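Undergrad:
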Amino acid sequence: MASQDIPDPIKDFTGYQGSLFKSLLAATAAANSIPTEEWGFYRSLDRQFAKDLDQAGASALSIGNVLLQQCATDCGLMVKNFGDVDDVVERYGAAIDVCDGLLEKADHCLDEISGKFKQEDFKQDNPEVTQIATKDKLEYKFLHANNVVRPQMKFKDTVNNSGLVPFERKIKYKPHALVPLDSIVTDDDKSLPHPYEYEISHIEYPKTMFTVAEPEMYKPFDTTPLNWVDTEEGLLDMMKRLEGHEEIAVDLEHHNYRSYQGFTCLMQLSTRDDDFVIDTLQLRDKLWMLNEYFANPEIVKVLHGADSDIIWLQRDFGLYIVNLFDTYFPTKILDFPHHSLAYLLKTYCSFDADKKYQLADWRIRPLPEEMLNYARSDTHFLLYIYDRLRNELLEKSTSEDGNLVRICLQRSNEVALQKYEKDVYDAESGLGPGGWKNMLTKWKYTMNPQQLSVFKALHHWRDHTARDEDESCRYVLPNHMLMALVERMPVDSSGVIGCCNPCPTLVRMNAQTIGYTIQQAKMNALMAGKEDSVMEEVVPAKTETTTITSNNGSVTTTMKVQQVRRKVPDIDPSLFDLKKVKKMRTETAEKLEKKESTLFGSCLY
Ligand code: AMP
Ligand code: MN
Ligand code: ZN
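Each residue of the sequence shown is one higher than the one before, starting from 1 at the first, in the UniProt record's numbering.
#1: Taking the alpha-carbon of E414 as reference, which of H380, S308, A511, K355 has the nearest alpha-carbon?
#2: Taking the straight line between their C-alpha atoms, what separation do you get for D273 and T224?
#3: Shorter than 7 Å, the distance from the beta carbon of W362 to the closest heavy atom of the ligand AMP, or not?
#4: Among residues of its own chain, excluding the 5 on either side of G430, which ones have a beta-carbon nearer than 8 Å to its beta-carbon?
#5: So what does DSSP say about F276, is it helix, strand or coil?
#6: With a CB to CB cut of under 6 Å and the five nearest residues on each side skipped, what residues in its chain are close to E128?
#7: What does A213 pair with, by DSSP beta-bridge criteria?
#8: Tell me, which residues are paired with L324 by DSSP?
#9: Would you list the residues sitting across from M267 in a DSSP beta bridge?
#10: Grab me the residues of P7's own chain with a C-beta within less than 7 Å of its C-beta, minus the 5 sequence neighbours each way, in chain order.
#11: Between the Cα of Y260 and the Cα atoms of P215, A375, E471, which residue gives the shortest distance?
#12: Helix, strand or coil, according to DSSP, for V79 in the structure here?
#13: Please go through the same chain and pick out, in chain order, the residues whose beta-carbon is closer than 7 Å to the beta-carbon of G434, but skip the five residues on each side of it.
#14: Rounded to the nearest angstrom, how far is the Cβ of K522 from that of S412, given a contact under 8 Å?
#15: Expressed to the nearest angstrom, what Euclidean distance is found between the alpha-carbon atoms of D251 and D182?
#16: Do H176 and P297 have their C-beta atoms within less than 8 Å of each other?
#17: Output yes or no for whether 8 Å exceeds the beta carbon distance between L404 and I299.
#18: Which one of Y420, A95, D74 has the shortest CA to CA distance from A106?
#19: What is the C-beta distance between F317 and K170, in whole angstroms, given that I count them as a contact (C-beta under 8 Å)?
#20: Look up D5 in the DSSP assignment and say whether it is helix, strand or coil.
#21: Look up W362 in the DSSP assignment and say whether it is helix, strand or coil.
#22: Is any heavy atom in the ligand AMP found nearer than 7 Å to the beta carbon of G305?
#23: Return helix, strand or coil for K595, following the three-state DSSP convention.
#24: Using the three-state DSSP reduction, which class does E247 fall into: helix, strand or coil?
#25: Using 10 angstroms around the beta-carbon of I10, count the other beta-carbons present and answer buried if the total reaches 16, otherwise exposed.
#26: Just to confirm before moving on: does the CB-CB distance between A353 and L345 stay below 8 Å?
#27: For the beta strand (DSSP E) containing L226, name the first residue and the last one.
#28: What's the gap between the Cα of C500 and the Cα of L506?
#29: Would you mind stating whether R467 and N32 have Cβ atoms separated by less than 8 Å?
#30: Provide the residue span of the alpha helix (DSSP H) that contains P449, from first to last.
#31: If I follow the unbroken alpha helix (DSSP H) through S201, where does it start and stop?
#32: Return yes when the Cβ of Y205 is within less than 8 Å of the Cβ of V179, no when it is not.
#33: Buried or exposed, going by whether 16 or more other CB atoms sit within 10 Å of the CB of S494?
#34: Among the residues of its own chain, which have a CB less than 6 Å from the CB of F13, if the five just before and after it don't count?
#35: Between the Cα of T327 and those of L313, K301, I311, spot the shortest distance and give me the residue it belongs to.
#36: Between A249 and the ligand ZN, is there a pair consisting of the residue's CB and a ligand heavy atom that are separated by less than 7 Å?
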């Protein structure tokens, strides 16, 4: 682009940004037109090309280093310049640290712009300002606990991550039933209906729900009894103390890094008198008893942003909420500037919640005091906030019967009616929340046909391994490492390990399989390329269903794979089998050795 076409960033930043992106895209597309591993070949073919490549590389490295130093200084970090491409790969973590620093700065600036730090903007109805933690960053020991015994090992309900076996609902007994527990399968996919669908749609609210009432002030945080519940006796004791209360505040803390589907680690319950923190790892198979209160339409359950909580309660404990008041909806209906619980706590209770604990590893036991206090503060003030919000909704209602409260209850009920279903991985279409399509769209990355094929294969390997090992996909292979593998397409273990720094355990253990997966995916793409050089998406042909048994470690999984003929074929899941991999690898290596060039040699065609 000629320099006179580039808009002045001072006068027209959006225009400048647009032109910058355009150039960047063009440069990326040009760079991607030759696969990395073929550079050597072209270098040897044309001396001028080699010279240009070296010059461009040195210039990119130098610009990168200037940028790195500038940003590192801005974030108060010390980073050594990168020496060469290997140095970049080896110390990539340093660049990530600088990017994290920049993102944090941007976050801070946005908070400042949106007024989060302007303390005087907040209403100060209560002079008591409590702060439970003051440090800016969550200490490492709370974030990633070492030596935590995997809690799922002790779960009585075995974890089944297969996308082919539907979730089996846990409820066996249905208190406060208006219609009996339904066991008739209605849907095609064999999943049962929501057991409290009828009850939730037929709640008869008392008149008091739509009448303004004096808010009941919460008890001081420090003098309210805190009850840690981790035994059945403790649970029964707590249930006795819940007796007679018409409102209960509820919240959950969850863990999903070292688990495929995730699990609930903690349940916080507050009445007007007490705070309870329940160890749901210990009491996982006992908590169904709480349906006595949770499904009771005469008790209001107050939660903030209950979408996930509803799902976690039914998935882990078979618990359902009838009569939910989600305090998130009033913040929308009343058009508040923020919608978080932290904002409500600050506004109505002058309480600074330290939300960094959201990210803590909630499996840690015994629970550190800081975490216990944080967890407790999530429900301690909530009933008072509910009083205030309900009054505000009634005051702003335009009808006698409190239409805004009714809207809030209706939306809350829609949340309570959600049903948990397992995520299914569709290797073909890549659709769904954990599918590759999602990641591909977000990445805005140009891939050549081989890289696209490798990307899909690695993505599939990652999902398969995560299910098998009951780990999250980001634990198995974080996105940025997956993309590093796609970019460089290493076919041997050391190359694979070299792309990932620090190398995740499961990548190290399966480096050979991954290398082979990459090799196969590359070959598939080359073969498809031979068929038709124009790369397009799926070419649907006949569909057939096969059953492939894959033996990964000690677990044997049976997968049904829908095979569709396409220009970039998907990877065969059977190659996740290490023994087969070794054999096939040797065979391929032998085949390749016989031919002179992988680029022009006839072995692949
Ligand atoms: P909360 O309702 O704020 O107590 O959050 C409940 C759970 O949701 C936490 O224990 C986390 O597992 C998860 N969570 C909430 N916010 C975030 C976040 N910003 N990032 C990651 N996980 C979160
Ligand atoms: Mn919550
Ligand atoms: Zn919480």
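C-beta atoms are modelled at their ideal positions from N, C-alpha and C, and glycine is treated no differently. Fair warning: this is a prediction, and the values are worked out from it, not measured in the lab.
TA: Looking at the atomic coordinates:
#1: S308
#2: 7 Å
#3: yes
#4: W436, K437, N438, L440, K456, H459
#5: strand
#6: Because the pLDDT of E128 is 34, which lies under 50, any placement of that residue in the model is unreliable, and the question is left without a value.
#7: In the DSSP output, where bridge partners are listed per residue, A213 has none listed.
#8: K301
#9: L252, I278
#10: G15, Y16, S19
#11: E471
#12: coil
#13: D423, Y425, D463, C473
#14: No, K522 and S412 are not in contact; Cβ-Cβ is about 51 Å, not under 8 Å.
#15: 28 Å
#16: yes
#17: no
#18: D74
#19: 7 Å
#20: helix
#21: coil
#22: yes
#23: Note that K595 scores 39 on pLDDT, short of 50, meaning its location in the model is unreliable and no value can be drawn from it.
#24: strand
#25: exposed
#26: yes
#27: 226-229
#28: 11 Å
#29: no
#30: 449-469
#31: 197-201
#32: no
#33: exposed
#34: none
#35: K301
#36: no
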